[in-house]
Each structure stands twice: as structure tokens, then as C-alpha cells.
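What follows is a short report on a single structure.
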Amino acid sequence: MRAGRSLAGVSRIALAVGVAAAGACGLARADGGLGNGTVAASSSDTTAASTAGSGSAVLNPAASGLETLGGAPPFGSAVRLGNVGTLLNAPQSAGFGGGPGGSGTGAAPAPYLTIVPSIGASEQFVTGGSYGANGRSGHEFVTSINPALLVNGATPRTTFTLEYNPSIQFYSNQPQSNGINQSLDGVIDATLLPRSLTVEARAYATDQATSGGLSPGGTSIYNNNNTTLTQSYSVTPSFNDVFRLGTLNLLYSAQYTRQSGASAYLPGANQPYFQTNNLFAQTEAGSFTTIPFFERFDDTPSFSATEDDGTGVLSGAHQYFIADKLRYGLTPYVVLSASGGYEDIAYSGIPPTLIRDATWSIGTTIRFPEGGVLKARYQHMYGFNSPYIRFDYQLTARTTLAASYSEVLSTQQQGIGLGVASSGVNSVGLPVGGLTGQPVLLTNQSLSVQSGLTKNKQLSASLTTQFTRDVVSVSFQSYQDTLVATSPGLAGFSQKSASISLSESHELSERMNALFYLNYGRTSSPALGASTTSTYGASAALTYRVSPTLYANTQISVTNQGYNSFGGGGIGYSGYGNNGVETIFTVGIQKTF
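For what it's worth, numbering that gives the first Met the number 0 labels the leading residue of the sequence shown as 0, then goes sequentially.
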């Protein structure tokens, strides 16, 4: 088993979202290319704003173009979890929306470089849980060494962030469980030609529970045999140029995603539902947005082509789309749209999946003057009808609401790869995305890791309020994977989960912070051995700044996970459906240099 890092609930939602420069009839203002990789050519200022982000998933044209390609659900906004003391360890200049991965201002960043290495140590005492049929309880001491490196930098044409924070763990009673938990987030955003050619590189790595059963964004104590290391790396150059008749956007993205770990089996099954897998995907996409005609209309023909070279259902798979979108500027802040096209989708699973079908959509984009964007459409895509919603709204100066809903045909590997490629990283190392750069989930701890093709439904919503000394967040996550095809030689199954989380960060004094986190969820997955499993967790932590570079922290957390027994394989672990309560006491220190 492995111990997760000491965690407490933190929400990090970027609050900055500006109204784009107004073009003729409001097309550039209300729907200036955000989320579809196109920019209304009626305003060169809009084009400039779309290319001058700072490592951003908000205004970077490559990121916004990838977000709506086939197989990429909208980002799931979330209450974020992180190391105790994450906020205190961040440089003072690190804001919610500033720095790499922030919202960007359109101005070239002033050159700078900050390198913050640190080393931490913690001791965890784990007690409770049930082990095997006799329900025995036990305890464990886990010693963790946590080296970390946070790098932020910028040149006039490049911004970059790297956060690497592994956890090296030693167990007193079960040395076979010693290991390293990985955590990596990095992004480089380079402008090679001003207003024209950008390149973004992205790196991501995390450990997750193979069988699921956790809160979507959480970690816990889990067994080496129940651990999947997920890695994803991407390089995405994009080009756009303004002509007399419109704006051309071209995009290429190379993505490599790998999930590695011990094979996982359902009870009594001969075929595993998870084996180490990998995916190399190449995406080419382009669009041309005309200048407004008849005063209120513009037109965007587009294409995207993704070729997959992977294992299982992704061996020789592809997703090709062509479409033409007509937009009408109803007001300077409201744009109506309708599109039609064609899709050619193929996966080599059991049964093989081949979709060749017409596509269409009708929708609207509303950009609110006070801050926020609503993108909503009803579409026929992937062979079925479905709604798509992306909503980010500044309720007050302190409160932000984010929500999304999507239905896509995809594998978990595709979703992670496209999610990583189209997200950013803020200046404290958290993945961010969407229209306002809010923190996002790139992997889902509630569902089991598997390689089959599924129809994925995802609903997420979060509400965050910032006070002078507090940040309070509540989020809801709902996922449903319906199995469409299995990988040859592997089992597959449908599963679903829903959870709600509440977190608060409170500044008790200049030196002390308190963090609180609550979560409750319901998961239905055959890998958990029960039709429906309840999970819950609560934690409270204190972080104290002993000196400008030394922090001490303590935490208590109580969890009831879907697979339990020290996270699915503790002492005398019998297999599945063993629910019980675990309590973890943590004390630690962290030194920055």
C-alpha cells in the first residue's frame, strides 16, 4: 500500500475573465474564438488577445481549439486538494489568475525566474479499517520524505511553470509497500511569431487507485497492487493569421498517454479489466472564420483529424470531423450558431465500432459584461444527440460559479490526453482550464481505471467565494460511463459515481492557516464488489509558518473508502466490498530554499 500526501480541501479558481475586444456587430466580443479555436476576423485586437496569453488554457488558441475536439469532455471544475501548506509555500506574487496558466492580460510578461526547491518530512499514523472476513483492525506508521521543486519563469515570448512533488514512503509493518508517489505538472508556452505561431508543451503525472472508490479529486492510503501511474505529455503548435477575408487557424497536437500498474481483475474473472496501456495520438485541425457579412453573420468551415496508435480499442483508431458553423450576432454579447458536418469514427474493440454519420448543432454563446461566459448547444455527434454546456460566471466580486455538462464517446486515455493538452498550469502548480482558468480534474479517482470504449456523461459544478481571510468552495461531480466496446483480452463494465465536496481555507493569523474538507459520494462499479458503495471523508489541518522558509503542519482525516483495508489490499485483505473507517493522524515539516 501507499500513503497519499497529507491533504486538505483547497479551491483555486481564477477570477479574471475579460470581455474580448468588440468587432463588427459584436461577433468578436461575444464569441471571439474561445472554445472553438477560431477568432472573428473583424478585429485584429481580438486576434492579438487570443494569442497573447501566459501559458493559458483561457486565451491560448491551441488550448481552446483542443477543448472541443472529439473525445474531449469539458473540464470538470472541482474543489482542489493539495499539500498542507501549498498556499503558504507559493511565492507572494502567485495569484489565482496570474503567472503561467493564468488568464493573461495580452501584454508581454516581464522577464523573471523563480526557483523554489523544498524538502519535507511527515509521519502518519493510520488506524482502523477492516481486514478480511473477520473484520480485524490494525494500524500502520508511514514515514514520508517529500522533495519538491516549483519553477516559474518568463521571457518576452515564453512563460513556463514546473511543479514536481514526489512522495517517498516507508512503512513500519509492511515494507513491501514502500514506494514513491508521483506528482508532476508542467507547461511551456512559447510565442514563436507574435500574433501568429505559438507552441505549448505540457507534462502531467499522478498516482491513482486502480479500482476507484475515492472522492474524484482525492488520494488516500492504497496498495501497490491497486495503484495506476498515469502520465501524459503533449506538444501543440498552433498558427493563426488574419487575411482580408477572414482568419485562418491551424493546429497540430502530439499527445502521449501511459497508464501503468499491476493488472486488476474482477472477483472470479479470468480476464483483467486493467493492464498497462499507452496511447500516442496525433491531431491536425484547421478552421477559417470569415469577416462578418450582411453585418451580423460570419461563417467557419473547419476540420479535425485524430489518428491513434495505442493498445486495445485504440489500436489503429481514428476520429475525423468536418463541419461548417454559421454565427449570427444577436447583440454585442449574444451570438447564435448553427452547424452541420460529417464524422468518421473507428475503434478496434469488441465489437468493433464504426460511426459514419452526419453531425449538427444549434447553440448560443453569451458573454456577460460583469464577467462570465455561457456556451450551450444541442448537437448530434458520436452518433447520438446530446447537450453541451459550459458556464463560468462571476456572481459577485468574491464569488465564482462554474458548471459543465457533456456526453462524448471516448476512452479514459483519450480524455486524459486531450484534457492535459488543452489545460494549463497556474503559478502554484495546479492544473487549470476552461474559460476562466479554474482548477480542474484531469483524472477521476472515483471510477475504476479501464481501457474500454464508453459513452461518458459528465456533470460538474463548483461555487467558490473568497473573503479577506477565507476561501470557501463547494463542488458537485457526477460521472457515468456506459460500456460500448472492450479491448481484446480485457474485461469491461459500465460504472457511475456522484459526489459533493466542501472545503474552506482560513487564515487564523499571519503565520497560521487552517484547512477543512468534507466529501460524500456514491459509486457503482463492479470493481468495488457492490452495486452501490458510499464513500465519505473529512479532514482538518493546521499549517504554521515557523520562519519565512520553514513550515510545520498537522492533520487528522477520517475516510470510508469503497475498497478500504488500507485502500484495497491491507493486512488479510479478502478482495472486495470491505468497507470500514480509517483515521490518519499526520505531523510534518517543510523547508523551502
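Just so it is clear, CB atoms sit at the ideal spot from N, CA and C, and this is done for glycine as well. Keep in mind it's a predicted model, so treat the numbers as computed, not measured.
To the nearest angstrom, how far is it from the Cα of T154 to the Cα of G416?
Spanning the two alpha carbons is a distance of roughly 27 Å.
According to DSSP, residues forming a beta bridge with R506
Residue identity differs from the one stated: residue 506 is Glu in this sequence, not Arg. Answer is N512, bridged to E506.
Check whether the region 304 to 316 touches the region 276 to 283, counting contact only when three or more Cβ pairs, one atom from each stretch, lie closer than 8 Å.
yes
Measuring straight from C-alpha to C-alpha, what distance separates E503 and A484?
Inter-residue distance for E503 and A484 is about 41 Å (C-alpha atoms, whole angstroms).
For E139, list the residues DSSP reports as bridge partners.
V125
List the DSSP bridge partners of S546.
As DSSP reads the structure, S546 sits in a beta bridge with L549.
Cβ of F242 within 8 Å of Cβ of L196?
no
Which listed residue (L549, S421, R544 and L191) has its alpha carbon closest to that of S233
S421
Please go through the same chain and pick out, in chain order, the residues whose beta-carbon is closer than 6 Å to the beta-carbon of Y251, but skip the five residues on each side of it.
So the list reads P236 and E283, once near-sequence residues are dropped.
Is I555 near A120, with beta carbons less than 8 Å apart?
no
Considering V419, what are the terminal residues of the beta strand (DSSP E) in which it resides?
No beta strand (DSSP E) holds V419; the alpha helix (DSSP H) holding it covers Q411 to A420.
Count the other C-beta atoms from every protein chain shown that fall within 10 angstroms of the C-beta of G576, then say buried if there are 16 or more, exposed otherwise.
Note that G576 scores a pLDDT of 35, beneath 50, so its modelled location is shaky and nothing firm can be said.
My assumption, with CB atoms under 8 Å, is that A304 sits in contact with Y327. Please give the rounded CB distance.
Rounded to the nearest angstrom, the Cβ distance from A304 to Y327 is 28 Å, too far for a contact under 8 Å.
Inter-residue CB distance, Y332 and P368 (contact presumed, cutoff 8 Å):
6 Å
Check each candidate in T352, Q413, G423 and I118 and name the one with the smallest Cα separation from V186.
Checked all of T352, Q413, G423 and I118; the closest Cα to V186 is G423.
With a threshold of 6 Å on Cβ separation, who are the neighbours of G152 within its own chain once the five nearest residues in sequence on each side are excluded?
If we look at G152 and ignore the five residues flanking it on each side, its Cβ neighbours are L112 and F159.
Who pairs with T197 in a beta bridge, going by DSSP?
T190 and S237
Closer than 6 Å by C-beta to N145: which residues in its own chain qualify, once you throw out the five before and the five after it? Chain order, please.
G119 and S166
Classify G520 as helix, strand or coil using the three-state DSSP reduction.
Looking at G520 - three-state DSSP - the assignment turns out to be strand.
E369, enclosing beta strand (DSSP E) - first and last residue
In the DSSP assignment, E369 falls outside any beta strand (DSSP E) and carries neither an H nor an E.
Give the DSSP bridge partners of Q270, in chain order.
Q270 pairs with nothing; no bridge assigned.
Buried or exposed: which applies to Q123, given that a residue is buried once 16 or more other Cβ atoms fall within 10 Å of its Cβ?
It is buried - the Cβ of Q123 has at least 16 other Cβ atoms within 10 Å.
Is the region 291 to 303 touching the region 446 to 453 in the sense that three or more CB pairs, one from each, lie closer than 8 Å?
No, the region 446 to 453 is not in contact with the region 291 to 303.
Between G100 and T534, what straight-line distance do the alpha-carbon atoms span, to the nearest angstrom?
Here G100 scores only 37 on pLDDT, less than 50, and its place in the model is too uncertain to base an answer on.
Please specify which runs of the beta strand (DSSP E), each continuous and at least 3 residues long, are wholly inside the region 422 to 449, giving them in chain order.
430 to 432 and 437 to 440
Identify, in the order they occur along the chain, each residue of the same chain with its Cβ nearer than 8 Å to the Cβ of L482, setting aside the five sequence neighbours on each side.
G451, L452, T453, G491, F492 and S493
Counting only the same chain and skipping the five closest in sequence on each side, list residues whose C-beta sits under 6 Å from that of S406.
One detail in the question is off: residue 406 reads as Glu in this sequence, not Ser. Result list for E406: S385 and K456, in chain order.
Return the CA-CA distance between T582 and T553, expressed in angstroms with no decimal places.
14 Å
Going along the chain, which residues of its own chain have a beta-carbon closer than 6 Å to the beta-carbon of Y264, five neighbours each way excluded?
P271
Taking R243 as part of the beta strand (DSSP E), name the residues at either end of that continuous run.
Per DSSP, R243 belongs to no beta strand (DSSP E) and is neither H nor E.
Name the two residues that bound the continuous beta strand (DSSP E) containing A526.
Per DSSP, A526 belongs to no beta strand (DSSP E) and is neither H nor E.
Please report how far the alpha carbon of V473 lies from the alpha carbon of L462, in whole angstroms.
5 Å
Following the continuous beta strand (DSSP E) through T395, name the residue where it begins and the one where it ends.
Per DSSP, T395 belongs to no beta strand (DSSP E) and is neither H nor E.
Is it buried or exposed, T256, if we count other Cβ atoms within 10 angstroms and call 16 or more buried?
buried
Alpha carbon to alpha carbon, what distance is there between S498 and S477?
In a straight line, the C-alpha of S477 is about 7 Å away from that of S498.
In chain order, what residues of the same chain have a beta carbon less than 6 Å from the beta carbon of P340, not counting five sequence neighbours either side?
The residue you asked about is not Pro; residue 340 is Gly in the sequence shown. Excluding positions up to five away in sequence, the list reads I321, A322 and T358.
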